[in-house]
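Q:
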Amino acid sequence: MIRTIYEWADRAASYIRFKPDRPPVIRELTQHYLDHRDDLIHAGTDRQDAECAALESMGDPDETGKLLNRMHKPYLGWLWVISRWAVSLTAFVFLVGLFRFPVKEAVKDYFYGWPTFFGEEAGSLASKIKLLYEGKDRERELFRVYGTCSQTVRAGDYTISVERAVWRRDWYGDNLRFILRAEADSPALGCPDALLKYLTARDSEDNEYKNQCVSIQKEVRSLAGNSFGRNLRNWYFDFWLDEYDPDAEWVDLCYDRYGISFVLRIDLTGDRV
Amino acid sequence: MKADKNLLSGNTTMLVLSLLQDGDKYGYEMINQLALRSEDAFTLKEGTLYPILHGLERDGCVEAYEKETQGGRARRYYHITKKGRTLLAEQTERWRSFSGAVERVLGERCQI
Chain S
170 MIRTIYEWAD RAASYIRFKP DRPPVIRELT QHYLDHRDDL IHAGTDRQDA
220 ECAALESMGD PDETGKLLNR MHKPYLGWLW VISRWAVSLT AFVFLVGLFR
270 FPVKEAVKDY FYGWPTFFGE EAGSLASKIK LLYEGKDRER ELFRVYGTCS
320 QTVRAGDYTI SVERAVWRRD WYGDNLRFIL RAEADSPALG CPDALLKYLT
370 ARDSEDNEYK NQCVSIQKEV RSLAGNSFGR NLRNWYFDFW LDEYDPDAEW
420 VDLCYDRYGI SFVLRIDLTG DRV
Chain V
90 MKADKNLLSG NTTMLVLSLL QDGDKYGYEM INQLALRSED AFTLKEGTLY
140 PILHGLERDG CVEAYEKETQ GGRARRYYHI TKKGRTLLAE QTERWRSFSG
190 AVERVLGERC QI
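Note that the protein sequences, when read in sequence, are chains S and V. Numbering follows the working numbering, with no gaps: position 225 of the first sequence is 394. Numbering follows the working numbering, with no gaps: position 14 of the second sequence is 103.
1) Between residue 196 of chain S and chain V, is there a C-beta pair that is closer than 8 Å?
2) Would you say residue 166 of chain V reaches chain S, if we count a Cβ-Cβ gap shorter than 8 Å as a contact?
3) Does the beta carbon of residue 147 of chain V sit closer than 8 Å to a beta carbon anywhere in chain S?
4) Is there a C-beta anywhere in chain V that falls below 8 Å from the one on residue 214 of chain S?
5) Look up residue 186 of chain S in the DSSP assignment and say whether it is helix, strand or coil.
6) Taking the alpha-carbon of residue 172 of chain V as reference, which of V:183, V:182 and V:151 has the nearest alpha-carbon?
7) Could you tell me the alpha carbon to alpha carbon distance between residue 250 of chain S and residue 186 of chain S, rounded to whole angstroms?
8) So is residue 209 of chain S in contact with chain V if we call contact Cβ pairs under 8 Å?
9) Can you find a C-beta in chain V that's less than 8 Å from the C-beta of residue 259 of chain S?
10) Counting only C-beta atoms, is residue 229 of chain S closer than 8 Å to chain V at any point?
11) Quick check on residue 211 of chain S: buried or exposed, where buried means 16 or more other Cβ atoms within 10 Å of its Cβ?
12) Tell me whether residue 114 of chain V sits in a helix, a strand or coil according to DSSP, three-state version.
13) Indicate the three-state DSSP secondary structure (helix, strand or coil) for residue 408 of chain S in the structure shown.
14) Could you name each continuous beta strand (DSSP E) segment of 3 residues or more that falls completely within the segment 355-380 of chain S, going from the start of the chain to the end?
15) Would you check if the distance between the CB atom of residue 310 of chain S and the CB atom of residue 354 of chain S is smaller than 8 Å?
16) Decide if residue 255 of chain S is buried, meaning its Cβ has at least 16 other Cβ atoms within 10 Å, or exposed.
17) Please state if the CB of residue 166 of chain V and the CB of residue 113 of chain V are separated by a distance shorter than 8 Å.
18) Quick one: which residues of the segment 161-194 of chain V get their C-beta closer than 9 Å to a C-beta of chain S? List them in chain order.
19) Mark residue 158 of chain V as exposed unless 16 or more other C-beta atoms lie within 10 angstroms of its C-beta, in which case mark it buried.
20) Quick one: give me the first and last residue of the alpha helix (DSSP H) that residue 195 of chain S is part of.
21) Decide if the segment 173-191 of chain S is in contact with the segment 199-208 of chain S; the criterion is three or more beta carbon pairs, one per stretch, under 8 Å apart.
22) Could you tell me which chain V residues have their CB closer than 7 Å to the CB of residue 170 of chain S, listed as they occur along the chain?
23) Give the range of the beta strand (DSSP E) segment to which residue 429 of chain S is assigned.
24) Using the three-state DSSP reduction, which class does residue 421 of chain S fall into: helix, strand or coil?
25) Out of S:377, S:395 and S:403, state which residue places its alpha-carbon closest to the alpha-carbon of residue 389 of chain S.
26) Within 8 Å (strictly less), CB to CB, does residue 114 of chain V reach chain S?
27) Looking at residue 314 of chain S and residue 441 of chain S, is the spacing between their C-beta atoms short of 8 Å?
28) Answer yes or no: does any C-beta atom of chain S fall closer than 8 Å to that of residue 99 of chain V?
29) Can you give the Cα-Cα distance for residue 220 of chain S and residue 153 of chain V, rounded to whole angstroms?
30) Indicate the three-state DSSP secondary structure (helix, strand or coil) for residue 390 of chain S in the structure shown.
31) Within 8 Å of any Cβ in chain V, is that where the Cβ of residue 179 of chain S sits?
32) Distance check for residue 119 of chain V and residue 176 of chain V, CA to CA, integer angstroms please.
33) Whole angstroms are fine: how far does the CA of residue 258 of chain S sit from the CA of residue 228 of chain S?
34) Starting from residue 328 of chain S, trace the beta strand (DSSP E) in both directions and tell me its first and last residue.
35) Is the Cβ-Cβ distance between residue 370 of chain S and residue 349 of chain S less than 8 Å?
36) I'd like to check one pair, residue 123 of chain V with residue 133 of chain V: are the Cβ atoms closer than 8 Å?
Following this line, the structure appears as structure tokens:
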């Protein structure tokens, strides 16, 4: 037999399957009972009778509990709890990420550089180029000459230009390294990797540098390259010419395939650094 | 006199919402108010009221908040929302057209 409100409320709440909702329900029902009991006492009833009457008027705890359970469905309840956690977690991760990994750096890494429509130079791409062309292997180097090319040419839906070029001499020999940039007319266009396979070079001393991808034999003078990175509309390629002729004053980059052709000249008469 | 259960069911929600129209109330207060206004025609059981209130809260028709009582305990007050008012208006309309039709039928009979 139920003697106290606590037993009554506990019994009613025990029907609620979604446990987190039980304590507030118990509190509410208990408070209701106390209000009723106090009102009866106020009206003149003696304490014991008031307690009995108030408890009696609470009704059947089982029936009440079952009805309450229908309103406190676990599915919605847990969904609410989980979604609140998900929101806080996301906010926390976002804030932590914001401070530990600046958003700009993350965007740069994803796009291989800061998107050019923000009017800034490619971020990590620029640092990659810098590392490649100005940082590494300086100990072995005897001198370097920076090549210049102010031309841009059209090739299909792309605009080709030379981003950077450097001729280096070290203990092993001379080599020319350059970065080609292919700016697509739209970000939806794919990588123009035909450049990798079919670009050739010819220098002022009439040396031909065949593309290593096409020629099977290992040529003495050859050109090879790979995809370097991407920045929305810009595709970058890293090329190198081994056994470069040090007497050459310029190098022509040639491409001629399926009706698309161009020639870009890299001028190498700069000062030795 | 306890009103017939059948007459009340379905309309109980309407009565509960209408009690909240003129101000926020807590459960015990609402039972008293209902008995008072209906001149004891309706006595709502706690076991019916709280499931209704929690159901309305779940559906967004009422909002609940806790306020401290003099004894230091927290009492749960209910507040009718815009959605609740809309529901109440619909239910009232339905009740009025229903009871109006009943009146008309009864009225006709009396004339005979």
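Cβ atoms here follow ideal geometry from the backbone N, Cα and C, with glycine treated the same way. These numbers were taken from a predicted model, which means no experiment stands behind them.
A: Taking the geometry as given:
1) As a working mapping, residue 196 of chain S is identified with position 27 in the first sequence. True, the Cβ-Cβ gap to chain V drops below 8 Å.
2) For this step, residue 166 of chain V is matched to residue 77 along the second sequence. Not an interface residue.
3) Taking the second sequence and counting its residues from 1, the one referred to as residue 147 of chain V is at position 58. True, the Cβ-Cβ gap to chain S drops below 8 Å.
4) Here residue 214 of chain S refers to the residue found at position 45 when the first sequence is read from its first residue. Judged by the 8 Å Cβ criterion, residue 214 of chain S is not in contact with chain V.
5) Position 17 of the first sequence, counted from the start, is the residue given in the question as residue 186 of chain S. If DSSP states are grouped into helix, strand and coil, residue 186 of chain S belongs with coil.
6) Along the second sequence, read from residue 1 onward, the residue named residue 172 of chain V stands at position 83. For residue 172 of chain V, the nearest C-alpha among the options comes from V:151.
7) Locating residue 250 of chain S in the first sequence gives position 81, where the first residue counts as 1. Locating residue 186 of chain S in the first sequence gives position 17, where the first residue counts as 1. If you take the alpha carbons of residue 250 of chain S and residue 186 of chain S, they lie about 15 Å apart.
8) If you number the first sequence from 1, residue 209 of chain S lands on position 40. No, its Cβ sits nowhere closer than 8 Å to a Cβ of chain V.
9) Against the first sequence, residue 259 of chain S aligns to sequence position 90. Closer than 8 Å: no.
10) The residue given as residue 229 of chain S occupies position 60 in the first sequence. It does; some Cβ of chain V falls within 8 Å.
11) In the first sequence, the residue the question calls residue 211 of chain S occupies position 42. When all chains shown are included, residue 211 of chain S counts as exposed.
12) For this step, residue 114 of chain V is matched to residue 25 along the second sequence. Strand.
13) Translated into positions along the first sequence, residue 408 of chain S becomes position 239. Of the three classes helix, strand and coil, the one that applies to residue 408 of chain S here is strand, per DSSP.
14) 369-372 and 377-380
15) Taking the first sequence and counting its residues from 1, one reaches residue 310 of chain S at position 141. Taking the first sequence and counting its residues from 1, one reaches residue 354 of chain S at position 185. Taking C-beta atoms as the reference points, residue 310 of chain S and residue 354 of chain S fail to come closer than 8 Å.
16) Position 86 of the first sequence holds residue 255 of chain S. With fewer than 16 other Cβ atoms within 10 Å, it is exposed.
17) By 1-based counting over the second sequence, the position of residue 113 of chain V is 24. By 1-based counting over the second sequence, the position of residue 166 of chain V is 77. The answer is yes: Cβ separation under 8 Å.
18) 162, 163, 164 and 165
19) For this step, residue 158 of chain V is matched to residue 69 along the second sequence. Looking at its Cβ environment, which holds fewer than 16 other Cβ atoms inside 10 Å, residue 158 of chain V is exposed.
20) One-based indexing of the first sequence puts residue 195 of chain S at position 26. Residue 195 of chain S -> alpha helix (DSSP H) spans 191-211.
21) yes
22) Numbered from 1 along the first sequence, position 1 holds the residue referred to as residue 170 of chain S. Going along chain V, no residue has its Cβ under 7 Å from residue 170 of chain S, so there is no contact; the nearest lies around 18 Å.
23) Counting from one through the first sequence, the residue named residue 429 of chain S turns up at place 260. Segment 429-436, the beta strand (DSSP E) holding residue 429 of chain S.
24) What you label residue 421 of chain S is simply residue 252 of the first sequence in a count that begins at 1. If DSSP states are grouped into helix, strand and coil, residue 421 of chain S belongs with the strands.
25) One-based indexing of the first sequence puts residue 389 of chain S at position 220. Taking only the C-alpha atoms, the option nearest residue 389 of chain S is S:377.
26) Position 25 of the second sequence, counting from 1, holds the residue named residue 114 of chain V. Not an interface residue.
27) For the purposes of this step, residue 441 of chain S is taken as the residue at position 272 of the first sequence. For the purposes of this step, residue 314 of chain S is taken as the residue at position 145 of the first sequence. Yes; because the gap between Cβ atoms is below 8 Å, this pair is in contact.
28) Mapped onto the second sequence, residue 99 of chain V falls at position 10. For residue 99 of chain V, the answer is no, since every Cβ of chain S falls outside 8 Å of its Cβ.
29) In the first sequence, the residue the question calls residue 220 of chain S occupies position 51. In the second sequence, the residue the question calls residue 153 of chain V occupies position 64. Spanning the two alpha carbons is a distance of roughly 27 Å.
30) Along the first sequence, read from residue 1 onward, the residue named residue 390 of chain S stands at position 221. DSSP places residue 390 of chain S in coil when its eight states are reduced to three.
31) Residue mapping note: residue 179 of chain S aligns to position 10 of the first sequence, counting from 1. Not one chain V Cβ lies under 8 Å of residue 179 of chain S.
32) Translated into positions along the second sequence, residue 176 of chain V becomes position 87. Translated into positions along the second sequence, residue 119 of chain V becomes position 30. Spanning the two alpha carbons is a distance of roughly 19 Å.
33) Here residue 228 of chain S refers to the residue found at position 59 of the first sequence. Here residue 258 of chain S refers to the residue found at position 89 of the first sequence. Distance between the alpha carbons of residue 228 of chain S and residue 258 of chain S is about 43 Å.
34) Mapped onto the first sequence, residue 328 of chain S falls at position 159. Note, residue 328 of chain S: beta strand (DSSP E), 327-339.
35) Locating residue 370 of chain S in the first sequence gives position 201, counting from the first residue. Locating residue 349 of chain S in the first sequence gives position 180, counting from the first residue. No; because the gap between Cβ atoms is not below 8 Å, this pair is not in contact.
36) The residue you call residue 133 of chain V lines up with position 44 of the second sequence. The residue you call residue 123 of chain V lines up with position 34 of the second sequence. Yes, Cβ-Cβ distance for residue 133 of chain V and residue 123 of chain V is below 8 Å.
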